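Shown next, in structure tokens, is the structure this report addresses.
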Amino acid sequence: MNFVYKILSFLNVITLCLAMLCGNYPGFTAAELDYETAYGNPMKGFMPFYSEDGADSSVPYSMEWLYIPMTELVADDGTFTLRGTLEEKLDKIARRGHQAALRVYLDYPDKECAVPQFIWDMGVKKYEYSEYGGGVSPDYSDQRLIDFLLDFIDKFALNYDGDKRIAYITTGLIGHWGEWHVCHEIKSAMASNKQKRQIIHAFEYKFKHTNILTRYPGTPGSNNGQIGFHDDSFTYNTINSEKDYFFCNQLKKALKTNIWKTQPIGGEFRPEGQDNFLNGKVTEDFQDYDECVNKTHCSWLMMTGAFTGKLSDREIKTANEASAKLGYDFYVDRVQVKKLFGKAYVRVAVKNLGVAPIYANPAVYIGTEDNEIETKQDISKLLPGKTEYFTAIIDLKSGDSVHIRIDDVSKYGAYVRFSNVGGSTSSDGKFIIGTVE
Numbered sequence: 000m001n002f003v004y005k006i007l008s009f010l011n012v013i014t015l016c017l018a019m020l021c022g023n024y025p026g027f028t029a030a031e032l033d034y035e036t037a038y039g040n041p042m043k044g045f046m047p048f049y050s051e052d053g054a055d056s057s058v059p060y061s062m063e064w065l066y067i068p069m070t071e072l073v074a075d076d077g078t079f080t081l082r083g084t085l086e087e088k089l090d091k092i093a094r095r096g097h098q099a100a101l102r103v104y105l106d107y108p109d110k111e112c113a114v115p116q117f118i119w120d121m122g123v124k125k126y127e128y129s130e131y132g133g134g135v136s137p138d139y140s141d142q143r144l145i146d147f148l149l150d151f152i153d154k155f156a157l158n159y160d161g162d163k164r165i166a167y168i169t170t171g172l173i174g175h176w177g178e179w180h181v182c183h184e185i186k187s188a189m190a191s192n193k194q195k196r197q198i199i200h201a202f203e204y205k206f207k208h209t210n211i212l213t214r215y216p217g218t219p220g221s222n223n224g225q226i227g228f229h230d231d232s233f234t235y236n237t238i239n240s241e242k243d244y245f246f247c248n249q250l251k252k253a254l255k256t257n258i259w260k261t262q263p264i265g266g267e268f269r270p271e272g273q274d275n276f277l278n279g280k281v282t283e284d285f286q287d288y289d290e291c292v293n294k295t296h297c298s299w300l301m302m303t304g305a306f307t308g309k310l311s312d313r314e315i316k317t318a319n320e321a322s323a324k325l326g327y328d329f330y331v332d333r334v335q336v337k338k339l340f341g342k343a344y345v346r347v348a349v350k351n352l353g354v355a356p357i358y359a360n361p362a363v364y365i366g367t368e369d370n371e372i373e374t375k376q377d378i379s380k381l382l383p384g385k386t387e388y389f390t391a392i393i394d395l396k397s398g399d400s401v402h403i404r405i406d407d408v409s410k411y412g413a414y415v416r417f418s419n420v421g422g423s424t425s426s427d428g429k430f431i432i433g434t435v436e
């Protein structure tokens with residue numbers, strides 16, 4: 000494979016050299032390449048919690064957060080019902096042109112317990128607790144429960160790994176909210192390190208295509224570089240502290256400060272600080288948002304406060320700008336079109352002005368309304384501050400408009416748009432890079 004790649008790269012260099020020796024394509028005029036932020040791009044930014052009718056769209060969003068109780072996926076007798084209500088929700092999200100980010104839980108404080116009855120029937124212990132509004136937790140240290148969860152992960156992956164309606168899955172399952180911790184009063188209910196490792200390895204090896212994240216860097220089993228992390232106290236327990244539980248300190252201790260180059264970082268903007276942030280106020284003990292984004296290379300955040308439908312124009316502007324700072328940001332900054340053996344050799348420089356790559360590998364096309372060519376370059380490898388040259392040899396005629404576009408990452412209309420004037424608001428991702436007279 001490496002040999003083939005080297006041959007293709009060599010041929011590409013030869014083609015480039017030949018093209019550079021040739022003149023500009025007659026009559027081609029390149030477009031102005033002015034920057035304009037593309038808001039609401041897929042697989043990045045702020046997202047609301049799922050609702051049947053969708054959230055207010057004053058702040059554009061591309062994903063919807065799904066908390067899924069296990070009882071929606073597994074019946075009380077242990078029968079798997081994976082394609083029941085979850086299918087309906089995923090379809091609604093997809094029809095809105097969005098993708099889901101999701102987590103399955105057994106215990107959500109102050110909500111109805113989501114443990115299927117057969118788990119209790121097999122003798123798994125119940126732990127009642129009063130913190131966080133109270134609730135009922137199963138004994139995560141019971142291997143019978145862990146064995147069920149391993150079987151569930153296997154079935155879940157068989158049904159949904161690679162499903163383009165889903166952008167990210169967090170491991171969930173264990174602890175309050177599926178966040179891999181329990182309150183002090185029931186600390187004996189927590190899974191052992193060995194059991195945590197079993198769960199993480201199951202996600203890593205069963206899910207080959209869908210992005211997986213877990214709550215804590217350093218979680219046993221998460222050191223293989225095949226899983227990302229989510230900070231659910233973003234801007235509150237993230238940076239600038241010597242405390243071990245701060246997210247960036249956990250990344251450092253786990254030697255995962257560069258994991259963002261291949262695996263996603265996400266999370267939730269700490270709810271208590273959302274309103275003040277949108278109002279431009281400082282919340283005591285919270286950290287600077289921009290600094291948190293830049294140090295974590297975060298791509299997405301749950302941010303319910305941005306989708307209430309009651310924001311002022313100023314708050315909408317703040318939310319839009321903050322959301323756009325997450326993840327990738329692709330900008331076309333140079334275009335060359337040369338004449339080569341009667342055809343047009345098109346070379347487009349795309350720079351990533353964001354803080355992370357895109358955690359998908361959509362094809363990139365160059366062409367006209369009549370014909371497109373899929374380029375050979377891989378946009379998922381384009382890291383922040385770097386530039387990649389996308390090339391194609393195409394036929395051109397008078398009156399043609401030449402465009403570049405990134406394919407739909409969801410197959411349901413989630414197009415990646417370029418942060419260029421003329422590209423940032425494109426409905427199908429096409430950015431016209433020039434025309435032929």
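Heads up, the sequence shown is in numbering that gives the first Met the number 0, so the first residue is 0 and it goes up one at a time. Just so it is clear, CB atoms sit at the ideal spot from N, CA and C, and this is done for glycine as well. In this text, all values refer to a predicted model and were calculated from it rather than measured experimentally.
Check whether the stretch 358-373 and the stretch 61-81 touch, using three or more Cβ-Cβ pairs below 8 Å as the test.
The stretch 358-373 vs the stretch 61-81: no contact.
Could you check what DSSP says for K110 in three-state terms: helix, strand or coil?
Translated into the one-based positions of the sequence shown, residue 110 becomes position 111. Residue state, collapsed to three classes: coil.
Would you tell me roughly how many angstroms separate the C-alpha atoms of T376 and E51, rounded to the nearest one?
Looking up residue 376 in the sequence shown gives position 377. Looking up residue 51 in the sequence shown gives position 52. Note on identity: in this sequence residue 376 is Gln, with Thr being the wrong assignment. Linking Q376 to E51 through their CA atoms gives a straight-line distance of about 39 Å.
Determine whether the beta carbon atoms of F389 and V349 lie at a separation below 8 Å.
As a position in the sequence shown, residue 389 is number 390, starting the count at 1. As a position in the sequence shown, residue 349 is number 350, starting the count at 1. Taking 8 Å as the Cβ cut-off, F389 and V349 qualify as a contacting pair.
First and last residue of the uninterrupted beta strand (DSSP E) at K337
Indexing the sequence shown from 1 puts residue 337 at position 338. It spans 329-339 - the beta strand (DSSP E) in which K337 sits, taken as one unbroken run.
Give a single yes or no on whether W64 has its beta carbon closer than 7 Å to a heavy atom of the ligand MG.
This structure lacks the ligand MG; in fact it carries no ligand of any kind.
Beta-carbon separation (whole angstroms), S61 vs Q98, contact threshold 8 Å:
Along the sequence shown, one-based indexing puts residue 61 at 62. Along the sequence shown, one-based indexing puts residue 98 at 99. With a Cβ gap of about 7 Å, S61 and Q98 count as contacting.
Exposed or buried, what is Y104 when buried is set at 16 or more other beta-carbons lying within 10 Å of its beta-carbon?
Translated into positions along the sequence shown, residue 104 becomes position 105. Under this definition Y104 is a buried residue.
List the endpoints of the continuous alpha helix (DSSP H) containing D90.
Walking along the sequence shown from the start, residue 90 turns up at place 91. DSSP places D90 inside the alpha helix (DSSP H), whose first and last residues are 84-94.
Nearest-angstrom Cα separation, counted from R164 out to G132:
Within the sequence shown, residue 132 is the residue found at index 133, counting from 1. Within the sequence shown, residue 164 is the residue found at index 165, counting from 1. Distance between the alpha carbons of G132 and R164: 33 Å.
Could I get the ranges of all uninterrupted beta strand (DSSP E) runs contained in the stretch 140-180, with 3 residues as the minimum, in chain order?
Restricting attention to beta strand (DSSP E) runs no shorter than 3 residues, the stretch 140-180 encloses them at 165-169, ordered along the chain.
Decide yes or no for the touch test of the stretch 41-50 against the stretch 318-327: beta carbon pairs closer than 8 Å, at least 3 of them.
They touch, by the three-pair rule.
Hey, L212 and T169 are a contact pair by Cβ (cut 8 Å); roughly how many whole angstroms apart?
The residue labelled residue 212 in the question sits at position 213 within the sequence shown. The residue labelled residue 169 in the question sits at position 170 within the sequence shown. With 8 Å as the limit, L212 and T169 qualify as a contact, their Cβ atoms being about 5 Å apart.
Would G227 pass as a contact of I173 if the rule is Cβ separation under 8 Å?
Mapped onto the sequence shown, residue 227 falls at position 228. Mapped onto the sequence shown, residue 173 falls at position 174. Not in contact: G227 and I173 (Cβ atoms no closer than 8 Å).
Backbone secondary structure at N222 - three-state DSSP:
One-based indexing of the sequence shown puts residue 222 at position 223. Looking at N222 - three-state DSSP - the assignment turns out to be coil, as it is neither helix nor strand.
Of the residues I403, K207, S425, the one placed nearest A413, counting alpha carbons only
Position 414 of the sequence shown, counted from the start, is the residue given in the question as residue 413. That would be S425, whose Cα lies nearest to the Cα of A413.
If you measure from the beta carbon of V281 to each beta carbon in chain D, is any gap under 8 Å?
This model lacks chain D altogether; it includes just one protein chain.
Selected residue, minimal CA-CA separation from G83, among L72, A93, I92, K91:
As a working note, residue 83 is residue 84 in the sequence shown. Of the listed residues, the one whose Cα sits closest to G83 is L72.
C-alpha distance - M0 paired with A391, whole-angstrom precision
Sequence index remark: in the sequence shown, residue 0 carries index 1 (1-based). Sequence index remark: in the sequence shown, residue 391 carries index 392 (1-based). Note that M0 scores a pLDDT of 48, beneath 50, so its modelled location is shaky and nothing firm can be said.
V401 vs G433 beta-carbon contact at 8 Å
Here residue 401 corresponds to residue number 402 of the sequence shown, with the count starting at 1. Here residue 433 corresponds to residue number 434 of the sequence shown, with the count starting at 1. Contact check for V401 against G433 passes: the beta carbons are separated by less than 8 Å.
Which of the three DSSP states is assigned to R404 in this structure?
Taking the first residue of the sequence shown as position 1, residue 404 is located at position 405. The DSSP-derived three-state label of R404 is strand.
Tell me the start and end of each unbroken beta strand (DSSP E) in the stretch 179-247 that is at least 3 residues and wholly inside, in chain order.
Here the runs fully enclosed are 210-213, 227-233.
Rounded separation between H229 and G353 - CA only
As a position in the sequence shown, residue 229 is number 230, starting the count at 1. As a position in the sequence shown, residue 353 is number 354, starting the count at 1. Rounded to whole angstroms, the gap between the alpha carbons of H229 and G353 is 18 Å.
Contact defined as beta carbons within less than 8 Å: I believe H200 pairs with G161. What is the distance between those atoms, to the nearest angstrom?
By 1-based counting over the sequence shown, the position of residue 200 is 201. By 1-based counting over the sequence shown, the position of residue 161 is 162. So it is not a contact: roughly 19 Å between Cβ atoms.
Identified DSSP bridge partners for K350
Within the sequence shown, numbered from 1, the residue matching residue 350 stands at position 351. Note: K350 sits in a beta bridge opposite Y330, T386.
On a Cα-Cα basis, can you pick out the residue from N158, F155, K124 that is closest to Q142?
As a working mapping, residue 142 is identified with position 143 in the sequence shown. In terms of CA proximity to Q142, K124 leads the group N158, F155, K124.
Per DSSP, M62 is paired with what?
Against the sequence shown, residue 62 aligns to sequence position 63. In the DSSP assignment, the residues bridged to M62 are Q98.
Run through the DSSP bridge pairs and tell me what L300 is partnered with.
Within the sequence shown, numbered from 1, the residue matching residue 300 stands at position 301. According to DSSP, which records beta bridges pairwise, L300 is partnered with F45.
Please report the distance separating the alpha-carbon of S379 from that of G266.
Taking the first residue of the sequence shown as position 1, residue 379 is located at position 380. Taking the first residue of the sequence shown as position 1, residue 266 is located at position 267. Their backbone Cα atoms lie some 21 Å apart in a straight line.
Report the three-state DSSP secondary structure of G366 (helix, strand or coil).
Taking the sequence shown and counting its residues from 1, the one referred to as residue 366 is at position 367. Secondary structure of G366 (DSSP, three-state): strand.
Considering only residues of the same chain and omitting the five flanking positions on each side of D109, which have a CB-CB separation below 7 Å?
As a working mapping, residue 109 is identified with position 110 in the sequence shown. The residues are Y131, G132, G133, G134.
So what's A343 in DSSP terms, helix, strand or just coil?
In the sequence shown, residue 343 corresponds to position 344, counting from 1. Under the three-state reduction of DSSP, A343 is assigned to strand.
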